[in-house]
Each structure stands twice: as C-alpha cells, then as structure tokens.
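Every number in the numbering used here is 35 more than the matching position in the sequence shown, counting from 1.
C-beta atoms are modelled at their ideal positions from N, C-alpha and C, and glycine is treated no differently.
As structure tokens, the structure follows; a few thoughts come after it.
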Amino acid sequence: VLEEPWHLSYPFLLQYDDELWMIPESTGNRDVTLYKCVDFPGRWERHTTLLSGLELADATIVRHDGLNYLLGATRDGAAGYSDTLSLFHSERLFGPWIPCAANPVMVDRASARPAGNFVTINGQLWRPVQDCTHGYGCALGLAEVTELSPTSFRQVVRHIIRPGPLWPGRKLHTLNRCGRLELIDGTSIQPKVASLGMSSRAAVLQPAT
C-alpha cells in the first residue's frame with residue numbers, strides 16, 4: 036500500500052482526530068514520518084515528519100497522563116537497533132517532539148526494541164518488546180511499564196514468548212491487539228521441495244497398495 040525509495044517495515048497504526056495514521060519504519064531515510072490514510076487500505080499520503088536526522092527503528096506512540104510518548108530503538112550509526120531505547124514526548128501527535136533528557140532511557144538487548152502497540156490491562160500499561168539476546172527475532176517479551184514521564188522510563192518484563200510447538204517458525208517480531216483480535220508475526224520455516232521429474236511425480240501420486 037506504500038512505496039518509497041527506502042526500506043519500509045513495522046507499519047505502526049493509530050487513530051487521532053477521527054483519522055487513521057501510519058508510521059512505517061524508515062531508518063534508511065533517517066526520519067520518522069507520519070502518513071495519513073486517504074482511502075483504506077490502499078491510499079496513504081505523506082503528512083509530516085515527526086523526527087529527522089536520526090535512525091530510529093520501530094517507532095511506537097502511546098498516550099499516557101495527558102501526553103503523547105514516542106519510543107523507538109536508536110543507534111549512533113555503528114551498532115544495531117536492538118539494544119538502545121529512546122523516548123520523546125509531545126502534547127500533540129504532530130509535534131514538536133521533545134527528547135527525554137535521559138536518552139537513551141534503556142540499553143538492554145533483551146527488552147529495549149519495541150514489538151507492537153501498548154495495551155492497558157486493568158489500568159496497567161504494558162509494552163510488547165523484542166528479546167534479541169540470542170539474535171534478532173529470538174523471542175518476544177511483555178513488559179509492565181512502571182514509570183513513564185517526560186524525564187524517565189522504567190519497565191519490568193513479566194512474560195517471554197519464544198518460538199515453539201505452537202509457532203511453526205524460528206523467529207518472532209511483533210504482537211498487536213485490535214479489539215478482540217490479537218496478531219503475531221515472525222518468520223516461518225518453509226520446507227524446501229526439490230523439483231520432481233514426471234516419473235517421480237507420477238510415483239508420488241499413485242495410491243499406496
């Protein structure tokens with residue numbers, strides 16, 4: 036639904052002023068850009084740039100205590116995107132976005148990188164996180180946010196989800212909820228099937244005797 040001359044992924048969606056908005060990851064362009072939905076799901080227009088001049092992966096926004104908070108995995112141009120979390124806040128979605136004075140607010144390969152939209156359960160704020168301890172996509176975590184303000188951020192990881200019998204793959208990426216629907220994505224293991232000749236194919240199709 037969207038094409039740009041740079042890599043796009045992690046299409047973060049949110050509703051604001053009765054409109055649908057999307058922030059895809061665009062670290063290759065060194066910005067965080069907001070797109071407005073013109074005709075769902077196929078038409079989106081570039082609306083404004085929220086942050087520029089930095090590499091910020093998997094931008095995720097949540098409204099908390101009257102402020103909007105934007106969190107994303109940042110890097111200084113040399114390291115990866117999996118271990119450093121930065122925080123910004125703004126009164127309005129369109130900015131200006133002010134960086135937290137304590138940035139980066141977290142350096143932790145096991146729980147820094149965002150993995151989906153925040154959820155509130157029984158009044159408590161939770162954040163899906165990517166656990167990249169043993170490599171990108173090795174697991175997902177569910178972190179309870181214990182402190183979120185313009186000057187600080189704290190969380191405690193309470194649950195870990197790893198690939199296993201119920202996930203036919205080897206990596207996990209994001210976890211999101213929309214009403215009663217929960218969605219998870221990652222990479223699956225696809226068996227490699229060798230090309231079969233006519234005689235082999237015919238043999239395979241014959242019923243057992």
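- Out of V73, K71, T109, F47, the CA that lies nearest to the CA of G88 is found in T109.
- The stretch 117-130 makes contact with the stretch 140-158, as at least three CB pairs between them are under 8 Å.
- With a beta-carbon spacing of about 6 Å, E90 and R65 fall inside the 8 Å limit used to define contacts.
- Between the alpha carbons of C167 and R144 lies a distance of about 6 Å.
- Per DSSP, R193 is one residue of the beta strand (DSSP E) stretching across 187-196.
- In the DSSP annotation of this structure, the continuous segment of the beta strand (DSSP E) that includes G107 starts and ends at 102-110.
- Bridge partners of N157 according to DSSP: none are assigned.
- Taking G63 as reference, the option from H42, F47, Q50, L69 with the minimal CA-CA separation is H42.
- With a cutoff of 8 Å on beta-carbon distance, L49 and W79 are scored as not near each other.
- Non-local beta-carbon contacts of T155 in its own chain, meaning distances under 8 Å to residues more than five positions away in sequence, involve W161 in chain order.
- Separation of the CB atoms of A178 and I196 is rounded to 12 Å, and the pair is thereby denied contact status at 8 Å.
- With fewer than 16 neighbouring CB atoms inside 10 Å of its own CB, K227 falls in the exposed class.
- Around the C-beta of L210, 16 or more other C-beta atoms lie within 10 Å, and the residue is accordingly described as buried.
- The shortest CA-to-CA distance from T83 to any of D74, Q165, Y70 is the one to Y70.
- If you draw a straight line from the Cα of E39 to the Cα of M57, it comes to about 14 Å.
- One thing to note: S125 has its Cβ no nearer than 8 Å to the Cβ of P134.
- Judged by beta-carbon spacing, G176 lies within the 8 Å limit of V192, meaning their Cβ atoms are closer than that value.
- Distance from the Cα of E217 is smallest, within the candidate group A94, S44, P59, F153, for F153.
- For the pair A94 and E60, the CB atoms are nearer than the 8 Å cut-off.
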